[in-house]
Amino acid sequence: MGKADTSQLDGNPFENGASLKKKPWLTPQEQVEHLRNQGVRFDLMSENDATSYLAKNNNFFRLRSYRQGFAKVEEGKRKGQFANLDFKMLVDLSIIDMLLRYEMLRLTLDIEHFSKVMLLAHIEGHREDGYQLVQDFVASYDHSKGGKTVNRLKQEIDRGKNSPYTKDLIAAFPDYCFPVWAFQEVISFGSFNYFTKFCAERFSDKVLVNDFYLLQDVRSLRNACAHNNCIINDMGAKPGGRRPNDAISQAVSAVDSIGSGQRRSKLSNDRLRQIVATLYLHKERASAGILEHRAEDMHSFTERMKKNIDYYNGNNQIRSGFKFIDALVKSWYPIPEADKHGPL
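Going by my numbering, the sequence shown opens with residue 692, and the numbers climb by one from there.
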């Protein structure tokens, strides 16, 4: 077999804005060769071990996405190659990313649970007819298509009729006449968020309005974690990005070890802002027992995150991103002096 042409692996895949340039399929050995040609070293992990890792443990294109933020040589024979990037660093970042996804996914599940509990309390406080509230929300999805009335939310609920987890609950309330508590259990997190928005507008409830926007960030992060998307492969500042929620900005401002410049820089990045929204809403909403358990897990994660921090000397994007996450965890998830689990 001839040597694969790797010249297109790092260029623009589109030629003249039209045709797609197909990238070559590389064997693990060729992947290692391609990385070596880019200046990636194999001092901390041998080429043989790297080849085995790529064959059995990870996807090449996924792993190389973590190379962002590493400086390249600007002149001389090595111009354009990475100045200080070892293959083991990419492996380390992929492990940290995996562990972060696991932690964030658990937090988002907690947030969904406690948000449903809180919304029920708001509805009760407004003395709203829960059945009518649900019917009005479901009806708000009606729209005409081809002379017929189509309702995307009803279609979502209908799909749940095939699930062993929701079919009995759906069958217990025909014609979509759900009480609120049951309705929350048969809709997606995204639909729940819009139900929160619907209630906020109906009650003129500013707390619920703020909740909706925070929950949108939480939902985006949960989807990324559940679909195993990479998270920390781009933690750079994004000038002109979406303005962060005021509650988020104020909460981060109160963390002594985070300066105003760092706060603005990090919150301009959608990924980091979603992590912050998740940490913030979780600490505000979860029970004391849950917070204690999650605090121990989060501190274990940050210790692992910092384990090889010296690898990333010269990569400010990674070092400052890790420092930012670590500062939030220390401030918002303090470990109790008596290191004992309380009741969940």
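By construction, the Cβ of each residue, glycine as well, lies at the ideal position given by its N, Cα and C atoms.
**OP:** Compare the Cα-Cα distances from I1026 to each of M996, H990, K998 and report the closest residue.
**Re:** H990
Subject >> Rounded distance between the beta-carbons of T799 and L970, thought under 8 angstroms >> reply: Contact flag wrong, Cβ pair sits at about 11 angstroms.
**OP:** May I have the straight-line CA-CA distance separating R964 from R954, to the nearest angstrom?
**Re:** 10 angstroms
Original post:
At what residues does the alpha helix (DSSP H) containing T887 begin and finish?
Top reply: First-last of the alpha helix (DSSP H) with T887: 880-894.
**OP:** Return the residue from the list K1021, E724, D788 that minimises the CA-CA distance to E983.
**Re:** K1021
Original post:
On the three-state DSSP scale, how would you describe A986?
Top reply: helix
Original post:
Can you tell me where the alpha helix (DSSP H) with H834 in it begins and where it stops?
Top reply: Careful: H834 lies outside any alpha helix (DSSP H), inside the beta strand (DSSP E) at 833-836.
Original post:
Would F752 be called buried (16 or more neighbouring beta carbons within 10 Å of its own) or exposed?
Top reply: exposed
Subject >> For R758, the three-state DSSP class (helix, strand or coil) >> reply: helix
Original post:
For K957, is the classification buried or exposed, using 16 other Cβ atoms within 10 angstroms of its Cβ as the cut-off for buried?
Top reply: buried
**OP:** Could you tell me the distance, in whole angstroms, from the CA atom of W1023 to the CA atom of S831?
**Re:** 38 angstroms
**OP:** For I814, I'd like the list of residues in its chain whose CB is within less than 8 angstroms of its CB, leaving aside the five on either flank, ordered along the chain.
**Re:** Answer for I814: G821, L824, V871, C890, listed in chain order.
Original post:
Is the region 801-818 touching the region 914-932 in the sense that three or more CB pairs, one from each, lie closer than 8 angstroms?
Top reply: no
Subject >> Segments assigned beta strand (DSSP E), at least 3 residues, entirely inside the region 796-873 >> reply: 833-836, 839-842
**OP:** Taking only runs that begin and end inside the region 711-744, name each unbroken alpha helix (DSSP H) of 4 or more residues, in chain order.
**Re:** 719-728
**OP:** Just confirm the distance between the C-beta atoms of K653 and K852, as a whole number of angstroms; I'd bet it's less than 8 angstroms.
**Re:** For the chain, the structure presents residues 692 to 1035; residue 653 sits outside this window and is missing.
**OP:** Kindly indicate which three-state DSSP category N703 falls into: helix, strand or coil?
**Re:** With a pLDDT of 45 at N703, under the threshold of 50, the modelled position of this residue cannot be trusted, and the question is left open.
**OP:** Identify, in the order they occur along the chain, each residue of the same chain with its Cβ nearer than 8 angstroms to the Cβ of K1031, setting aside the five sequence neighbours on each side.
**Re:** For K1031, the pLDDT reaches just 49, beneath the cut-off of 50, and the residue's location in the model is therefore unreliable, although a value from the coordinates is still provided. Cβ neighbours of K1031 beyond the five flanking positions: none.
**OP:** Could you tell me the distance, in whole angstroms, from the CA atom of A863 to the CA atom of A979?
**Re:** Rounded to whole angstroms, A863 to A979 spans 34 angstroms at the Cα level.
Original post:
Expressed to the nearest angstrom, what Euclidean distance is found between the alpha-carbon atoms of E766 and Q729?
Top reply: 14 angstroms
Subject >> Spatial neighbours of F761 in its chain, beta-carbon cut-off 6 angstroms, leaving aside the 5 residues before and after >> reply: F773, L776, N1006
Subject >> F752 - partner residues in DSSP beta bridges >> reply: F752 is not bridged to any residue.
**OP:** Can you say whether A812 is buried or exposed, counting buried as having 16 or more other CB atoms within 10 angstroms of its CB?
**Re:** So A812 ends up on the exposed side.
Original post:
If we count the other Cβ atoms within 10 Å of its Cβ and call it buried at 16 or more, is N924 buried or exposed?
Top reply: By the neighbour-count rule (16 or more Cβ atoms within 10 Å), N924 is buried.
**OP:** Between the Cα of F883 and those of Y1002, S743, Y904, P865, spot the shortest distance and give me the residue it belongs to.
**Re:** Y904
Subject >> Three-state secondary structure (DSSP) of D777 >> reply: strand
Subject >> Beta-carbon proximity of V967 to I802, cut-off 7 angstroms >> reply: no
**OP:** Whole angstroms is fine: what's the gap from D696's alpha carbon to L790's?
**Re:** Confidence at D696 is low in this model, with a pLDDT of 49, below 50, so its placement is unreliable and the value that follows should be read with caution. Cα to Cα, the separation comes out at about 35 angstroms.
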